[in-house]
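Trainee: Residue numbers for the sequence shown, in our numbering: 9 to 137.
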Amino acid sequence: MKRALRFPMAFLLALVAAQGVLAVPQSKGTASISGVVIGPNDKPAPHASVSYQSSDGSAPHAVYADAHGRFTISKLKADSYDLRASAKGIFSDWQRNIPLRKGQARSVELRLIYAKEMPNSVSNAKPKQ
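1. Kindly say whether G37, judged by its beta-carbon, lies nearer than 8 Å to any beta-carbon of chain D.
2. Can you name the start and end residues of the beta strand (DSSP E) that P107 belongs to?
3. What does DSSP give as the partner residues of I46 in its beta bridges?
4. Thinking C-alpha only, which one of S59, K110, Q112 is nearest F79?
5. With distances taken from CA atoms, which of Q61, A56, D50, K51 is nearest N105?
6. Please return the same chain residues whose Cβ sits closer than 6 Å to the Cβ of K36, not counting the five positions on each side in sequence.
7. Could you give the first and the last residue of the continuous beta strand (DSSP E) run that contains H69?
8. Give me the Cβ distance between P153 and S88, rounded to the nearest whole Å; I'm assuming they're in contact under 8 Å.
9. Helix, strand or coil: how does DSSP classify T80 here?
10. To the nearest angstrom, report how far apart L120 and F99 are at their CA atoms.
11. With a threshold of 16 other CB atoms inside 10 Å of the CB of Q27, please say whether the residue is buried or exposed.
12. Alpha carbon to alpha carbon, how far is A86 from D64? Give it in angstroms, no decimals.
13. Buried or exposed for G47, please, with buried defined as at least 16 other CB atoms from any protein chain shown within 10 angstroms of its CB.
As structure tokens, then:
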């Protein structure tokens, strides 16, 4: 009988413990940030990751750009935000303290700069022969 109770008890304890580890959902706002991620080759970086957080460092999140390097972060509350993009080990500088008011939409361009050229697996360029 004790063995039969161990699994459900362990599952319940794991579930309760996970509640403290899971991120608290960000409060829903009406502001948004959209933009494009540009690679070091001056072309859009498809499927780049865009990290963002409140400027005080809280509530970090990430979204992915589409096949054309475009992204949208919606339902943001009024606050200041920091953004940074990355793709295949190449990063942009942090764009810091982007202020948003309730209902405001902002647009940004994030440039990947820490590489001499975009790896072939990220760009649509043909490999050199």
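Positions of the beta carbon are idealized from the N, C-alpha and C atoms, including for glycine.
Mentor: Walking through what the data contain:
1. In the displayed structure, chain D is absent; only one protein chain is listed.
2. Start and end: 103 to 108.
3. Beta-bridge partners assigned by DSSP to I46: P52, R119.
4. The residue among S59, K110, Q112 with its C-alpha nearest the C-alpha of F79 is S59.
5. If we check each option's Cα against that of N105, Q61 comes out closest.
6. Excluding sequence neighbours, K36 sits near K83.
7. Per DSSP, H69 belongs to the beta strand (DSSP E) from 69 to 72.
8. Examination of residue 153 is not possible in this model, given that the chain is present from 9 through 137 alone.
9. DSSP places T80 in strand when its eight states are reduced to three.
10. So the two alpha carbons sit approximately 5 Å from each other.
11. Caution applies to Q27, whose pLDDT of 37 falls short of 50 and renders its modelled position unreliable; the value that the coordinates give is listed next. Its Cβ having fewer than 16 others within 10 Å, Q27 is exposed.
12. Each residue's alpha carbon lies about 13 Å from the other.
13. The residue is buried, with at least 16 neighbouring Cβ atoms inside 10 Å.
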